[in-house]
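Enquirer:
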Amino acid sequence: MLKRKLMCLRVIAVGAIITILTFGGLCPAFAQLPVNPDVARAEAVGFEARHLQEAGKNPAGLEVTLRQPEGRTQFHMGEIIPFDEVFSSQVKGKYRLNPGGEDSVVVDRERDAPDVGSVNYDLGQITVINGAGPQWRDLESAPVTTSLRLNVSRRFDQPGSYRIYTKTWRAQNRKASGVEAFLGGSMTAVSNIVQIEILPDDPSWSAQMLAKALATFQRTGRDMAADPREADTLEYLDTPTSVQAIIDHYGAFTMMDSWNSPWYFAGRQGLMRSRRTADDAAWMQAKIADPQFPIMPFFIADLSWVQTRAAYPAPMTSWPSADRARQSAWNQEMKARTAKRAAFLIQNLKLLSAALSHKRSDALVHSAFTLAAKGTGLPISPATQKAAAPILISHFDTLAPDEQSALLDDFSWPAIRSPRMLPVLRRLYESPHVRSQGAMAVFEARQPRTLALRRIWELSPAEGRRLILAEIARPNPRIEMDLMASLPDATLPSVEHKLAANLLVNGDPSANAFLIQRYGARAILPQIQAFYTHNPGPWVCSLQAPLLAYFLRVAPKFGAAEVRKALWDRKDTDCYLTLFTEIAKLRPSPSMAPDLQKIAIASLADQNPSVASDAARALGAYGSPAAKDALWRRLRQLHAQRPTPAVKTSQAAVAQAIANSAAWLTDQTALDEILRLCPIAHSLNDLGIYTVDQGKHACLYMDVVTEDKHREQWRVGPCSLTSRTALQHKLAQYPRGTAFTLRNDATLSEPQAIDSALGDIKAFLKQRGMSLNLDQ
């Protein structure tokens with residue numbers, strides 16, 4: 004979600020792209036990157052002695068050399084300090100290297116070295132990894148070079164000489180396995196000692212670097228492919244002028260920039276590194292009242308971070324994992340800081356609401372967007388939305404495309420829902436704003452065009468239906484499939500022949516096949532049969548699955564025969580590997596086609612474990628209650644077989660299907676039986692079954708509630724449900740006397756929608772002798 008994009012991910016450049024993950028899944032985690040305990044111990048035993056002791060423990064034959072690629076030893080205060088780590092091994096085939104692994108920087112504190120503190124990012128205890136995971140390279144005598152910045156997590160803000168070495172966890176024994184192999188954290192090595200000098204503060208150099216960076220921003224700030232190194236300058240300078248420049252340039256960023264602009268991220272990191280948080284907070288807050296300064300959601304969020312850091316100058320310690328007595332106090336401190344930041348968010352939104360009438364031009368429109376958009380992670384109230392709505396309706400055309408889409412989504416739309424929006428929506432539907440050219444422009448236009456048409460249909464049903472029918476009849480529809488499939492009609496005789504013609508001649512084959520399975524009747528069966536049988540393959544999976552779903556609906560015997568043929572065609576394509584789920588998900592309600600279910604049950608014993616697992620997943624997700632006995636029977640058969648890898652794969656898939664199905668209730672007795680039949684697993688979690696709330700201790704999770712009951716998100720136990728009807732069907736499976744506990748994370752839902760939903764559910768449960776309690 005956008006909330007997570009704004010608040011849970013922080014990206015900075017350190018030679019390669021480095022992703023910082025927050026501790027414990029908490030977005031507002033206020034602990035700093037902890038000072039390496041080796042730094043403090045080095046003071047006691049002597050820097051050189053400590054280094055000698057640690058280097059003596061380096062893995063045999065592994066060499067790590069720290070060097071400056073240009074041979075530099077002097078650096079300005081606030082300058083990026085780039086170094087290389089060079090790895091090599093004299094023992095062939097023993098070690099491998101993850102170039103994106105983790106390092107820490109150890110600094111001499113006792114000899115000509117001023118005190119060096121860790122950078123206070125306020126991001127919690129962190130792990131630093133490169134990309135999606137380790138990218139291993141075998142180490143030989145030929146060196147492998149990785150890059151790092153010495154001051155990414157250390158602050159060199161005093162002049163003087165510093166002796167430094169790095170401690171690295173990038174190397175690993177090639178024989179490591181399991182979690183150890185993935186994390187690569189079991190092998191520690193230290194580099195040689197290097198010495199650098201930080202020059203006295205030079206305001207003219209800082210001003211020159213800032214001017215150069217800002218000039219580059221003016222030239223390339225909107226170019227995502229531009230070299231980000233100039234942007235990184237803003238992160239490290241940390242002068243009053245540079246931080247003010249960062250704040251001033253917040254007004255130039257759009258919501259899209261806050262997701263992917265290196266300039267925004269570098270500026271934000273510069274704020275997090277700043278030592279003048281109280282001054283920064285005051286400067287930012289003054290911008291709220293500036294009539295010409297647009298206040299975007301990320302500005303409010305970042306201001307609240309800075310204010311919280313100013314309120315708590317001392318960073319939190321790292322999590323006291325080894326001291327249970329201190330953990331409670333740590334949790335209380337974390338809650339206090341989180342609450343403080345939440346209070347700052349509300350305070351700043353109130354200030355913006357009060358200042359809105361004084362805003363001018365673009366500043367007015369973008370500030371109104373911040374007060375109305377619900378999907379940004381801010382605690383937007385109905386009152387602020389109501390105040391901003393008239394402005395947004397009047398100036399909707401001037402908003403950036405991503406801002407328009409945010410206001411038209413399910414969360415924000417209620418604030419601006421009005422017949423006055425119809426002219427705007429018609430313009431957006433006919434001519435969406437796109438940045439791309441050619442085929443990419445068609446793709447980029449699909450989402451805003453779909454949103455606009457969905458809202459037209461809501462405000463003017465007859466007009467919306469006419470436009471949707473026109474899109475369905477196009478050889479190449481321009482809107483998303485879920486909207487075209489949303490008409491209440493079971494079939495569409497007025498357009499089904501057009502759909503068949505589009506499929507046979509020059510239309511988008513996958514789109515038209517999907518629409519045929521959704522709306523086609525028997526009238527076009529001869530044409531579609533001829534098309535399918537005269538083109539026996541290899542088929543594109545996105546074309547084959549909907550046509551088979553159509554046949555199963557209008558000609559079940561023919562459809563079943565073709566499914567069996569497709570299932571055994573294992574030479575030309577891989578469609579057979581997911582055939583059951585791809586067909587079943589097209590018509591999931593009330594359950595999969597009976598003939599498809601029979602074939603899936605038979606395929607539980609397929610010799611290919613991927614086919615057998617796909618059959619189990621389809622039966623668990625889309626099967627009728629009659630599939631339950633077949634799954635249990637298969638699980639017992641697998642229990643009696645030798646536990647080969649193929650058997651283990653099938654066991655896990657069948658167990659998940661039984662436990663997670665929405666078609667029946669799996670109680671604690673059944674879960675215990677699943678675990679008994681799968682001795683390879685130590686717990687249900689090992690089988691991918693995540694639930695502890697069965698029987699009379701059930702949890703109901705409210706994720707997203709909308710005014711459209713068919714577009715909601717709920718969870719009951721392990722089951723995810725996407726409509727109120729599906730939720731009620733699942734709740735009805737529980738026995739009388741069940742007391743559900745509501746766990747509400749519906750932060751993007753409308754309060755009135757939540758109240759209405761809770762009233763409906765409580766009444767539904769009460770009629771069946773059950774109850775709903777709020778989680779305290």
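Counting from 1, position 97 in the sequence shown corresponds to residue 100 in my numbering; the numbering is continuous, with no gaps.
By construction, the Cβ of each residue, glycine as well, lies at the ideal position given by its N, Cα and C atoms.
In this text the structure is predicted, and so the values were computed from the model without any measurement.
1. Is the CB-CB distance between Arg276 and Glu238 below 8 Å?
2. Residue range of the beta strand (DSSP E) that Ala174 falls in?
3. Enumerate in chain order the residues of its own chain whose CB-to-CB distance from Asp293 is below 8 Å, with the five nearest sequence positions on each side excluded.
4. Comparing C-alpha positions only, which one of Asn61, Ser364, Gln520 and Arg679 sits nearest to Leu555?
5. Is the CB-CB distance between Ala662 and Pro612 below 8 Å?
6. Could you give the first and the last residue of the continuous beta strand (DSSP E) run that contains Val197?
7. Taking the beta strand (DSSP E) that Glu66 belongs to, which residues open and close that run?
8. Pop quiz: Leu462 and Pro491 are said to be a contact at Cβ under 8 Å. What is the actual Cβ separation, rounded to whole angstroms?
9. Going by other Cβ atoms of all chains shown within 10 Å of its Cβ, with 16 needed for buried, is Gly59 buried or exposed?
10. Considering only the beta carbon of each residue, do Leu502 and Leu528 sit closer than 8 Å?
11. From Trp542 to Trp571, what distance separates their C-alpha atoms?
12. Using three-state DSSP, classify Tyr737 as helix, strand or coil.
13. Counting only the same chain and skipping the five closest in sequence on each side, list residues whose C-beta sits under 6 Å from that of Val89.
14. Starting from the C-beta of Ala358, find all residues in its chain whose C-beta is less than 7 Å away, skip the five residues before and the five after it, and write them out in chain order.
15. Can you tell which of Asp405, Pro464 and Phe256 has the C-alpha that lies nearest to the C-alpha of Pro451?
16. Tell whether a beta-carbon distance below 8 Å holds between Asp617 and Thr652.
17. Between the alpha carbons of Gly562 and His732, how many angstroms are there, rounded?
18. Let me know the secondary structure DSSP gives Val707 once reduced to three states.
19. Report yes if the CB atom of Pro300 is closer than 8 Å to the CB atom of Ala376, and no otherwise.
20. Pick out the complete alpha helix (DSSP H) segments inside the segment 504 to 570, 4 residues or longer, and give them in chain order.
21. Measure the beta-carbon distance from Ser307 to Phe347 and round it to whole angstroms, keeping in mind my assumption that it falls under 8 Å.
22. Quickly, what does DSSP pair Leu745 with across the bridge? List them, please.
23. Determine the extent of the beta strand (DSSP E) in which Ile167 is found, giving its start and end residues.
24. Relative to the alpha-carbon of Ala558, which residue among Glu585, Met258, Leu599 and Glu474 has its alpha-carbon at the smallest distance?
25. Along the chain, which unbroken stretches of the alpha helix (DSSP H) at least 4 residues long are found entirely within the segment 208 to 265?
26. If you draw a straight line from the alpha carbon of Val42 to that of Ile196, how long is it in whole angstroms?
27. Which residue's Cα is closest to the Cα of Arg2: Asn479, Glu447 and Arg420?
28. Give me the Cα-Cα distance between Tyr165 and Asp87, rounded to the nearest whole angstrom.
29. Considering only their Cβ atoms, is the gap separating Ala371 from Ala403 smaller than 8 Å?
30. For my contact list, Phe78 and Ile199 are in at a C-beta cut-off of 8 Å; report their separation, rounded to the angstrom.
31. So Gln93 packs on Ser144, CB below 8 Å; how close in whole Å?
32. Please report the straight-line C-alpha distance between Ala473 and Met487, rounded to a whole angstrom.
33. So what does DSSP say about Ser92, is it helix, strand or coil?
34. If you draw a straight line from the C-alpha of Arg746 to the C-alpha of Pro385, how long is it?
35. Assuming Ala569 contacts Tyr579 under a Cβ cut-off of 8 Å, what Cβ separation, rounded to an integer in Å, is found between them?
Expert: Quick answer:
1. The Cβ atoms of Arg276 and Glu238 lie closer than 8 Å to each other.
2. Ala174 to Asn176
3. Ala366
4. Gln520
5. no
6. Val197 to Ile201
7. Leu65 to Arg70
8. Leu462 to Pro491, Cβ: 18 Å. No contact.
9. exposed
10. One thing to note: Leu502 has its Cβ no nearer than 8 Å to the Cβ of Leu528.
11. 13 Å
12. coil
13. Counting only Cβ-Cβ distances below 6 Å, and skipping sequence neighbours, we find Thr68, Pro146 and Thr148.
14. Ile291 and Ala292
15. It is Asp405 whose Cα lies nearest to the Cα of Pro451.
16. no
17. 29 Å
18. strand
19. For Pro300 and Ala376, yes; Cβs fall inside 8 Å.
20. 512 to 522, 528 to 536 and 544 to 557
21. 4 Å
22. Leu703 and Leu777
23. Gly163 to Thr171
24. Leu599
25. Runs of the alpha helix (DSSP H) inside the segment 208 to 265: 232 to 239, 243 to 252 and 258 to 263.
26. With a pLDDT of 45 at Val42, under the threshold of 50, the modelled position of that residue is not reliable, and no figure is offered here.
27. Outside the shown range of the chain, which is 4 to 779, sits residue 2, and nothing can be said about it.
28. 17 Å
29. no
30. 6 Å
31. 6 Å
32. Their backbone Cα atoms lie some 10 Å apart in a straight line.
33. strand
34. 23 Å
35. 6 Å
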